[in-house]
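Enquirer: If you read the sequence shown in UniProt numbering, its first letter stands for residue 51, the second for the next number, and so on.
Note that CB positions come from ideal geometry on N, CA and C, so glycine has one too.
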Amino acid sequence: KGKIEFQNVHFWYPNRAEKKILDGASWKADSGQTIALVGPSGCGKSTSIGLLTRLYEAQKGTVSIDDVDVTMLNIHALRKMVGIVQQEPNLFNGTIFENVALGDVSITEEKVIHSCKIANADGFVQKLANGYNTLIGAGGIQLSGGEKQRIAIARAVVHNPPILLLDEATSALDAESEIMVQTALKSASKGRTTIVIAHRLSTLRDVDKIVVLKDGMVQEMGIVWHGSKAP
Ligand code: ADP
Ligand code: ADP
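1. Please indicate yes or no: does the CB of Arg205 lie closer than 6 Å to some heavy atom of ligand 1?
2. The beta strand (DSSP E) spanning Leu216 covers which residue range?
3. Provide the residue span of the beta strand (DSSP E) that contains Met271, from first to last.
4. Ser221: beta carbon under 6 Å from a heavy atom of ligand 1?
5. Which residues in the same chain have their Cβ closer than 8 Å to the Cβ of Ala280, if we skip the five residues on either side of it in sequence?
6. Between which two residues does the alpha helix (DSSP H) harbouring Ile203 extend?
7. Look up Val113 in the DSSP assignment and say whether it is helix, strand or coil.
8. Would you tell me roughly how many angstroms separate the C-alpha atoms of Ala222 and Ser114, rounded to the nearest one?
9. Quick check on Pro90: does DSSP put it in helix, strand or coil?
10. Answer yes or no: do Val132 and Thr103 have a C-beta to C-beta separation smaller than 7 Å?
11. For ligand 1, is there a heavy atom less than 6 Å away from the beta-carbon of Arg66?
12. Taking C-beta to C-beta, are Ile203 and Leu87 nearer than 7 Å?
13. Is it true that the region 121 to 132 meets the region 167 to 177, where meeting means three or more beta-carbon pairs spaced less than 8 Å apart?
14. In three-state DSSP terms, what is Glu160?
15. Does the separation of the CB atoms of Asn58 and Gly74 fall below 7 Å?
16. Considering Phe174, what are the terminal residues of the alpha helix (DSSP H) in which it resides?
17. Three Cβ pairs or more, each shorter than 8 Å: is that satisfied between the region 137 to 147 and the region 175 to 190?
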């Protein structure tokens, strides 16, 4: 579960058709692998993630999950298969529970607690007076950047998705929160196919493969060996 494949993907933004963002990009991630998507700014990394979540659709080629073209998938099913953490946590004025469950009635408090544990957010949530019912944002308590991002990670895994997309998930944080969020991301990505977009080289230490995007195509696919996987 969670195999991702880009096959000869061509994409341009309709309002900027003269610039091909992806121009025949092909790469894949096997189930459970962690792949780093790297390349110069503007090469199409975030766009590739948007193609996976169907924020955008490729004009040519296919983006598939478990051999099914994502454009053929039911959008609700796709949302549950793919969790996403971006640079900004994008929480709204509401309780922690509401921010993780996003109004899905199938999400129980137990599921929220479980995903907060996975995201290493359980500790500080327990310390708040009303726990998961603490109001956050302008109407309530201010969380630190790292705490907010851990709530965002809990939201990303609450449906236990086979795929996790991390788009600069630690870029906006100070060094101290970055370490804590990095640990949370490692825990959250366990057992999931994970696509990482990051600039810092340290993030690439733990990946299985590096996909380099340049001029709309995949320039290089390095296999990274580490720990027990070393040959
Ligand atoms: P990366 O994540 O690799 O930095 P992006 O995927 O964000 O790159 O962007 C690729 C290119 O597409 C950039 O040149 C960017 O300016 C452009 N772009 C991004 N979003 C849009 C949009 N909505 N409309 C037009 N161009 C866009
Ligand atoms: P940018 O990279 O242009 O600054 P953002 O990183 O803020 O853009 O967000 C990219 C887009 O992804 C936004 O339009 C946001 O609404 C959308 N988005 C956020 N979460 C999801 C999701 N789970 N699935 C699909 N799209 C999402």
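Expert: In short, the structure shows the following:
1. no
2. 213 to 217
3. 267 to 273
4. no
5. With a pLDDT of only 45 at Ala280, under the threshold of 50, the placement of this residue in the model should not be trusted; the figure read from the coordinates follows. Nothing meets the Cβ criterion.
6. Counting along the chain, the alpha helix (DSSP H) containing Ile203 begins and ends at 195 to 207.
7. strand
8. Roughly 30 Å between the two C-alpha positions.
9. coil
10. yes
11. yes
12. no
13. Flag = no, the region 121 to 132 and the region 167 to 177 do not touch.
14. helix
15. yes
16. 172 to 177
17. Three or more Cβ pairs closer than 8 Å define a contact, and the region 137 to 147 meets that threshold against the region 175 to 190.
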